[in-house]
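Enquirer:
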Amino acid sequence: MEGHDYISARDRQPVSLIVWALCVTVLLGPSLLVWIIRGVGFAAQCAPGPDPCRGMALGGGLRDALLLAWGVGTDILLVIVLAVIASVACFAARRTLSGALSLMLLPILTPVLPMLAVYVSRYDGCDINADGIGRCVLWGAEMGKSFHTAAIIPDMIYGFTPYSVAVTLMVSLLGWFLARPKPQPPMHATARIRRFEDDYT
């Protein structure tokens, strides 16, 4: 029976890790796409500005990637739910530290990564504010809301971080109790004798 439980626990680990990877991909995948496009601009040595980047439509690609990232990052309920699922999946795989870090960092990294990409792409004359007032053209594309949304992220993070920390503590405590190894029951005398005989036969 103990061997069967051990095998079942080992079988659950790949499934749990797949669930964790899917949650992380949904949350951080759009931000990664934003930084890939921004990295192309860095590699092409294109300074932020209204002029096209060596004939490439990087501005439009960055704008669309940012809108996708904001669609995920500004939905607080979706972010928290996916972070909790990722954390529970780590606990099911008996990775308590990864579960706690996932629940604490994913809700913050999801909106912060695209926000940082916006702020490193600003230039003189590119206005960004929470009211959406101002115009910013980057590499030949009007950025509009994709840039202005970055201005509301700090206030959003300050608003939900206390709740996120509280949920992290509760779920981590629960996960620690669920993920800790169960003590093995004492071996019956008959089973001990049989094991002794098996070792010396």
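No gaps in the numbering here: position 142 of the sequence shown is 122 in the numbering used here, and each next residue is one more. No residue lacks a Cβ here, since even glycine has one placed at the ideal position from N, Cα and C.
Starting from the C-beta of residue 107, find all residues in its chain whose C-beta is less than 8 Å away, skip the five residues before and the five after it, and write them out in chain order.
Expert: Along the sequence shown, one-based indexing puts residue 107 at 127. If we look at residue 107 and ignore the five residues flanking it on each side, its Cβ neighbours are 113, 114, 115 and 116.
Enquirer: Runs of 4 residues minimum, wholly inside the segment 48 to 99: which ones carry the alpha helix (DSSP H) assignment?
Expert: With a minimum length of 4 residues, the continuous alpha helix (DSSP H) runs that stay inside the segment 48 to 99 are 56 to 72 and 76 to 99.
Enquirer: Between residue 94 and residue 50, which are expected to be in contact by the criterion C-beta below 8 Å, what is the C-beta distance as a whole number of angstroms?
Expert: Position 114 of the sequence shown, counted from the start, is the residue given in the question as residue 94. Position 70 of the sequence shown, counted from the start, is the residue given in the question as residue 50. Indeed they touch by this definition, with Cβ atoms about 7 Å apart.
Enquirer: Please list, in chain order, all residues of the same chain as residue 42 whose beta carbon is under 6 Å from its beta carbon, the five residues on each side excluded.
Expert: Numbered from 1 along the sequence shown, position 62 holds the residue referred to as residue 42. 17, listed in sequence order.
Enquirer: With a CB to CB cut of under 6 Å and the five nearest residues on each side skipped, what residues in its chain are close to residue 120?
Expert: On the sequence shown, position 140 is the one that residue 120 refers to. Taken in chain order, the residues that qualify are 32 and 39.
Enquirer: Give the secondary structure of residue 36 by DSSP, where H, G and I count as helix, E and B as strand, and everything else as coil.
Expert: Within the sequence shown, the letter at position 56 stands for residue 36. DSSP places residue 36 in strand when its eight states are reduced to three.
Enquirer: According to DSSP, simplified to helix, strand and coil, what is residue 24?
Expert: If you number the sequence shown from 1, residue 24 lands on position 44. Here residue 24 sits in coil by DSSP.
Enquirer: What does DSSP give as the partner residues of residue 118 in its beta bridges?
Expert: Taking the sequence shown and counting its residues from 1, the one referred to as residue 118 is at position 138. According to DSSP, residue 118 bridges with 121.
Enquirer: Can you name, in chain order, every residue of its own chain whose Cβ lies under 6 Å from the Cβ of residue -2, other than the five neighbours on each side?
Expert: If you number the sequence shown from 1, residue -2 lands on position 18. For residue -2, where only same-chain residues beyond five positions count, there are no Cβ hits under 6 Å.
Enquirer: DSSP on residue -4, reduced to helix/strand/coil?
Expert: In the sequence shown, residue -4 corresponds to position 16, counting from 1. Of the three classes helix, strand and coil, the one that applies to residue -4 here is helix, per DSSP.
Enquirer: Just checking: is the beta-carbon of residue 143 within a distance shorter than 8 Å of some beta-carbon in chain B?
Expert: The chain inventory of the structure shown lacks chain B, comprising one protein chain alone.
Enquirer: Could you pull out every residue in the same chain whose Cβ sits closer than 7 Å to the Cβ of residue 58, ignoring the five residues on either side in sequence?
Expert: Position 78 of the sequence shown, counting from 1, holds the residue named residue 58. Here the set comprises 52.
Enquirer: Assuming contact is defined by CB atoms lying nearer than 8 Å, are residue 141 and residue 91 in contact in what I supplied?
Expert: Taking the first residue of the sequence shown as position 1, residue 141 is located at position 161. Taking the first residue of the sequence shown as position 1, residue 91 is located at position 111. Not a contact, by the Cβ cut-off of 8 Å.
Enquirer: Would you grab the beta carbon distance between residue 184 and residue 6 for me? Rounded to a whole angstrom, and I think it's under 8 Å.
Expert: Any question about residue 184 goes unanswered here, given that the chain covers just -19 to 181.
Enquirer: From residue 146 to residue 56, what does the alpha carbon distance come to, in whole angstroms?
Expert: The residue labelled residue 146 in the question sits at position 166 within the sequence shown. The residue labelled residue 56 in the question sits at position 76 within the sequence shown. Approximately 15 Å between the Cα atoms of the pair.
Enquirer: Alpha carbon to alpha carbon, how far is residue 44 from residue 37?
Expert: Position 64 of the sequence shown, counted from the start, is the residue given in the question as residue 44. Position 57 of the sequence shown, counted from the start, is the residue given in the question as residue 37. Rounded to whole angstroms, residue 44 to residue 37 spans 11 Å at the Cα level.
Enquirer: Would you mind sorting residue 127 into buried or exposed? The rule is 16 or more other CB atoms within 10 Å of its CB.
Expert: Here residue 127 refers to the residue found at position 147 when the sequence shown is read from its first residue. Buried is the call here.
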